[in-house]
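Each position in the sequence shown, counted from 1, maps to that position plus 1 in this note's numbering. Beta carbons: idealized from backbone N, C-alpha and C, even for Gly. Predicted, not measured: the structure shown is a model, and the values here were computed from it. A short worksheet on the structure shown next.
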Amino acid sequence: MKRTRNLALMLTAATIGVSSLSLAADAVDIGKQQYDANCAVCHGPGGKGDGPYASTLKMPIPDLTVLAKNNGGVFPSSRVFGLIDGREEVQGHGPRDMPVWGEDFLAQAPHSESPLNREAIVRGRILALIDYMNRLQAQ
């Protein structure tokens with residue numbers, strides 16, 4: 002009886018372990034999640050600038066799939082970070098038509114004793130978004 006119970010416990014543990022591995026394989030793509038929630042409405046699901054709100058805006062929406070192509074084949078991560086964050090004015094960019102996502106992300110970050118923790122959350126969300134945008138680049 003004790004042996005059967007131990008075997009049952011081991012099989013249960015193994016099943017839970019396998020289930021955990023399959024969950025890890027289906028990990029959430031935070032960058033895509035951020036893009037879909039914050040960017041796709043204007044830039045479109047594929048980043049081409051054809052989102053449902055694009056036609057309502059005064060300026061054409063940039064095609065995000067050619068950022069690397071238009072930058073000598075290198076994705077401009079630092080520039081994109083600054084544009085998304087928006088809390089610092091980007092020299093030579095002109096008027097800001099895009100939302101200041103850095104402020105929104107900071108407002109959504111859980112409050113903690115250290116403002117650095119909240120800033121790390123904001124940077125993490127922006128970097129995940131940049132990673133996803135890099136994967137949208139035309140080949």
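For residue i, the three-state DSSP class (helix, strand or coil)
i      : result
Tyr54  : coil
Lys59  : coil
Lys1   : Residue numbering for the chain in the displayed model covers 2 to 140; residue 1 lies beyond these limits and cannot be assessed.
Leu22  : Low per-residue confidence applies at Leu22: pLDDT is 49, beneath 50, and the placement is therefore not dependable enough to give any value.
Val75  : coil
Asp64  : coil
His112 : coil
Gly48  : coil
Beta-carbon proximity of residue i to residue j, cut-off 9 angstroms
i      : j      : result
Gly32  : Ala121 : no
Asp30  : Tyr133 : yes
Phe76  : Leu68  : yes
Ala38  : Gly45  : no
Cys40  : Leu58  : no
Leu137 : Gly73  : no
Delimiting residues of the alpha helix (DSSP H) encompassing residue i
i     : result
Asn39 : 31-39
Val81 : 78-86
CB-CB length for residue i against residue j, believed under 8 angstroms
i      : j      : result
Ala110 : Arg124 : That belief does not hold up - the Cβ atoms of Ala110 and Arg124 are roughly 10 angstroms apart, past 8 angstroms.
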